[in-house]
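A short write-up of the structure that comes next.
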């Protein structure tokens, strides 16, 4: 997410008209033209405005209404998930009987016109890209594609924000798109409400303690970034109350090498200010813990390698997919925990009980471990390139239910290097790649999986089973840094390769290319596809696709148009 400039003074009648922000697809196919000159916004009572549908009015012409949303095409759970101050519907400003477009499920964020984080304001429950996805899957023979929306406002439970400006006027937000200009979004409707509260408390602390925000041009200043992560894991509260009582883990990225820096006392003072005013002994009690990260690099990497726990609980837990998950501030965590839980529960239905599973791009192993617990897998093998995820994996394993009797392992390895070695002996492979999609080497293995399997079975002794004679450096490193829990006999025919591929995608364009490539190989068929609204207000959707070995409907070939000659 990126944010752009603040709307300014809020005056309605002397601001230039801003184009209504939509996604690129919408702009190309449905261009908007205003019936008045762009140099000046006319009065709300002018004839040109009174004939316009409300959905075409710029945000600045619309007063902030107070009535709540009462219609929505999302699930009832999504409607119940509106924030403490739910986005209101627009009143009927003009007394005419002309029906206006439905404004159900509207964002109604005061920052929408200036913030590039959200690309559309209406119909958060079903972005336009869902229709494109539905048509794409229908063309591949999947006619029952569905789309799940859960919480539409306040869904973001993890946010990384830059800190710039001055100590008297700190700017805590994200970069304006295409620039390194940071802008404030104090009332972001995507953020969990307690993230906004923690940001406001941090702003007060920066000003009171004279903390200097980072200056990128000079490389000076003290506070560079802050990460806010919310945990709703609190078993002492009834489930419906856990969300609103979520606690915020605050990670302060400090512009120094370590704790021995000359300004470390100011960092401690800021941490104590947050804890004193937001911790368990305060009136509000929404701060979970405070961490410090030390970073002096001049590149765009947010975190350095050195972390220190300052105050509060050191453990950070969330519950999703039927298991308790440990997340360190340095490890990857889903921003939309509830949507992730929905995806995991859907995914579990496609994994047979007792299956052997390989989880690639595994992170801290949340997907693989949830399958071990809910599907009683024979074995689960998690492969991840980020070493910071190892500790979270080990802590999560410790809290698995006692009945879990799987052979579970985690390996520090790059999936792109000899991916075949990780697939051997698995019945199901789950891939959750970054936005760019599958690594080319892995995609190539999946496309030629049948021939590779035949070669492995015909070999007198599989080279992948010679563990004691292993000499490949990347495999040796993976073995050295691996974690092994439990031990079950290897699956008979350990040279066998997966019969099921479950693809989780956060990048729609890359998924389409990977999907076409897999189907064109005629080694896989697409059986099911589901969509999830991980980022309401954007055109980004999460896809869960299930492929099975064997040729199916595949890609439809275009007709050449040439007629066969009759003999």
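Numbering (the working numbering), first residue to last: 662 to 1228. By construction, the Cβ of each residue, glycine as well, lies at the ideal position given by its N, Cα and C atoms. For clarity, every value in this text was computed on a predicted model and none was experimentally measured.
- Message: Would residue 914 and residue 891 be called neighbours here (beta carbons separated by less than 7 Å)?
- Response: Along the chain shown, read from residue 1 onward, the residue named residue 914 stands at position 253. Along the chain shown, read from residue 1 onward, the residue named residue 891 stands at position 230. No, the pair does not count as a contact, with Cβ atoms beyond the cut-off.
- Roughly how many angstroms lie between the CA atoms of residue 806 and residue 921, to the nearest whole one? Sequence index remark: in the chain shown, residue 806 carries index 145 (1-based). Sequence index remark: in the chain shown, residue 921 carries index 260 (1-based). The straight-line gap separating the alpha-carbon atoms of residue 806 and residue 921 is approximately 56 Å.
- Task: Go to residue 1113, then tell me how far its alpha helix (DSSP H) extends in each direction, as first and last residue.
- Result: Sequence index remark: in the chain shown, residue 1113 carries index 452 (1-based). Annotation: the continuous alpha helix (DSSP H) that includes residue 1113 extends over 1110–1119.
- Using a Cβ-Cβ cut-off of 7 Å (strictly less than) and excluding sequence neighbours within five positions of residue 797, which residues of its own chain qualify? Looking up residue 797 in the chain shown gives position 136. In the same chain as residue 797, and ignoring 5 residues on each side of it, the C-beta atoms closer than 7 Å to its own belong to 1173, in chain order.
- Quick one: complete alpha helix (DSSP H) runs, 4+ long, within the segment 1014–1050? Whole alpha helix (DSSP H) segments, 4+ residues: 1027–1035.
- Query: What is the C-beta distance between residue 1051 and residue 1083, in whole angstroms, given that I count them as a contact (C-beta under 8 Å)?
  - Reply: Within the chain shown, numbered from 1, the residue matching residue 1051 stands at position 390. Within the chain shown, numbered from 1, the residue matching residue 1083 stands at position 422. Between residue 1051 and residue 1083 a beta carbon distance of about 17 Å is seen, past the 8 Å cut, so the two are scored as non-contacting.
- Item | Cut-off 7 Å between Cβ atoms - residues of its own chain near residue 1053, not counting five sequence neighbours on either side | Taking the first residue of the chain shown as 1, we reach residue 1053 at position 392. Around residue 1053, the same chain offers 987, 988, 989, 992 and 1025 as residues with beta carbons nearer than 7 Å, after the five sequence neighbours per side are excluded.
- Best match in 818, 1162 and 874 for proximity to residue 855 [C-alpha to C-alpha]: Numbered from its first residue, the chain shown carries residue 855 at position 194. Nearest to residue 855 by alpha-carbon distance, out of 818, 1162 and 874, is 818.
- Item | Assigned secondary structure, residue 821 (DSSP; H/G/I helix, E/B strand, else coil) | Position 160 of the chain shown, counted from the first residue, corresponds to residue 821. Under the three-state reduction of DSSP, residue 821 is assigned to strand.
- Query: Leaving out five residues before and five after residue 841 in sequence, what residues of the same chain have Cβ atoms less than 7 Å from its Cβ?
  - Reply: As a working mapping, residue 841 is identified with position 180 in the chain shown. Residues 877 of the same chain have their beta carbon placed closer than 7 Å to that of residue 841, with the five preceding and five following residues left out of the count.
- Task: Can you grab the Cα-Cα spacing for the pair residue 1186 / residue 1207, in whole Å?
- Result: For the purposes of this step, residue 1186 is identified with residue 525 of the chain shown, where counting begins at 1. For the purposes of this step, residue 1207 is identified with residue 546 of the chain shown, where counting begins at 1. Between residue 1186 and residue 1207, the C-alpha separation is close to 9 Å.
- Item | Contained beta strand (DSSP E) runs [length at least 3] in the segment 857–935, N- to C-terminal order | Runs of the beta strand (DSSP E) inside the segment 857–935: 884–892 and 908–915.
- Name the DSSP bridge partner or partners of residue 986? Within the chain shown, numbered from 1, the residue matching residue 986 stands at position 325. DSSP, once it has assigned bridges, lists 979 as partnering residue 986.
- Item | For residue 780, the three-state DSSP class (helix, strand or coil) | Against the chain shown, residue 780 aligns to sequence position 119. In the structure shown, residue 780 sits in coil (DSSP, three-state: anything other than H, G, I, E or B).
- Message: Rounded to the nearest angstrom, what separates residue 883 and residue 832 at their Cα positions?
- Response: As a first step, residue 883 must be located in the chain shown, where it is residue number 222. As a first step, residue 832 must be located in the chain shown, where it is residue number 171. Going from the Cα of residue 883 to the Cα of residue 832 covers about 14 Å.
- Local conformation of residue 1145 per DSSP, three classes: Here residue 1145 is taken as the residue at index 484 of the chain shown, counted from 1. Residue 1145: strand per DSSP, three-state reduction.
- Query: Taking the continuous beta strand (DSSP E) assigned at residue 833, which residues delimit it?
  - Reply: Residue 833 sits at position 172 when you count from the first residue of the chain shown. Start and end: 831–836.
- Query: Across which residues does DSSP place residue 1092 in a beta bridge pair?
  - Reply: On the chain shown, residue 1092 is found 431 positions in, with the first residue counted as 1. In the DSSP output, where bridge partners are listed per residue, residue 1092 has 1021 and 1164.
- Message: As a quick exercise: from 1064, 1109 and 844, pick the residue whose alpha carbon is nearest that of residue 777.
- Response: In the chain shown, the residue the question calls residue 777 occupies position 116. The residue among 1064, 1109 and 844 with its C-alpha nearest the C-alpha of residue 777 is 844.
- residue 1210 to residue 1080, Cα distance in whole Å? Sequence index remark: in the chain shown, residue 1210 carries index 549 (1-based). Sequence index remark: in the chain shown, residue 1080 carries index 419 (1-based). Whole-angstrom Cα-Cα distance: 18 Å.
- Task: List in chain order: all unbroken alpha helix (DSSP H) runs of 4+ residues lying wholly within the segment 1050–1085.
- Result: Entirely contained in the segment 1050–1085, the alpha helix (DSSP H) runs reaching 4 residues are, in chain order, 1050–1059 and 1081–1084.
- Item | Per-residue burial, residue 702 [other beta carbons within 10 Å of its own, 16 or more giving buried] | If you number the chain shown from 1, residue 702 lands on position 41. Note that residue 702 scores 36 on pLDDT, short of 50, meaning its location in the model is unreliable; the coordinates nonetheless yield the value given after this. With 16 or more Cβ atoms within 10 Å of its Cβ, residue 702 is classed as buried.
- Message: For residue 622, count the other beta carbons within 10 Å of its own beta carbon; 16 or more makes it buried, fewer makes it exposed. Which is it?
- Response: Outside the displayed span of the chain (662 to 1228) sits residue 622, for which this structure offers no information.
- Task: Measure the C-alpha to C-alpha separation of residue 1182 and residue 1200 and round it to an integer number of angstroms.
- Result: Taking the first residue of the chain shown as position 1, residue 1182 is located at position 521. Taking the first residue of the chain shown as position 1, residue 1200 is located at position 539. Their Cα atoms are separated by approximately 29 Å.
- Item | Distance between residue 960 and residue 1212 (C-alpha atoms, nearest Å) | The residue labelled residue 1212 in the question sits at position 551 within the chain shown. The residue labelled residue 960 in the question sits at position 299 within the chain shown. Those two C-alpha atoms are separated by around 47 Å.
- Query: What's the call for residue 740, buried or exposed, on a 16-neighbour Cβ count within 10 Å?
  - Reply: Position 79 of the chain shown, counted from the first residue, corresponds to residue 740. With a pLDDT of only 44 at residue 740, under 50, the local geometry of the prediction cannot be trusted, and no value is derived from it.
- Which residues bound the alpha helix (DSSP H) around residue 790? Here residue 790 is taken as the residue at index 129 of the chain shown, counted from 1. Where residue 790 is concerned, the enclosing alpha helix (DSSP H) stretches over 790–800.
- The beta strand (DSSP E) with residue 1002 in it runs from where to where? Position 341 of the chain shown, counted from the start, is the residue given in the question as residue 1002. That residue, residue 1002, is in no beta strand (DSSP E); its alpha helix (DSSP H) goes 998–1009.
- Answer yes if the segment 864–875 comes into contact with the segment 818–829, meaning at least three C-beta pairs across the two stretches below 8 Å, and no otherwise. Cβ pair count under 8 Å is three or more, so yes.
- Query: Candidates 1014, 1034, 1046 and 1000: which alpha carbon is nearest residue 1022's?
  - Reply: What you label residue 1022 is simply residue 361 of the chain shown in a count that begins at 1. Of the residues 1014, 1034, 1046 and 1000, the one whose Cα lies closest to the Cα of residue 1022 is 1046.
- Message: Rounding to the nearest angstrom, what Cα-Cα distance links residue 1231 and residue 994 in this structure?
- Response: The structure shown does not extend to residue 1231, since the chain is modelled only from 662 to 1228, so the question has no answer here.
- C-beta atoms of residue 981 and residue 951 nearer than 7 Å: Within the chain shown, the letter at position 320 stands for residue 981. Within the chain shown, the letter at position 290 stands for residue 951. The answer is no: Cβ separation not under 7 Å.
- Determine, using beta-carbon pairs with one atom in the segment 1094–1109 and one in the segment 1165–1180, whether at least three such pairs fall under 8 Å. The segment 1165–1180 and the segment 1094–1109 touch, with three or more beta-carbon pairs separated by less than 8 Å.
- Have a look at residue 1176 and residue 898 and give me their C-alpha separation to the nearest angstrom. As a position in the chain shown, residue 1176 is number 515, starting the count at 1. As a position in the chain shown, residue 898 is number 237, starting the count at 1. Near 43 Å, if we compare the C-alpha coordinates of residue 898 and residue 1176.
- Item | Which listed residue (1043, 775 and 769) has its alpha carbon closest to that of residue 784 | Along the chain shown, read from residue 1 onward, the residue named residue 784 stands at position 123. Between residue 784 and the set 1043, 775 and 769, the nearest pair of CA atoms involves 769.
- Message: Give me, in chain order, the residues of the same chain whose beta-carbon lies closer than 7 Å to that of residue 1093; leave out the 5 immediate sequence neighbours on both sides.
- Response: Along the chain shown, one-based indexing puts residue 1093 at 432. In its chain, beyond the 5 residues on either side, 1022, 1028 and 1165 have a beta carbon closer than 7 Å to the beta carbon of residue 1093.
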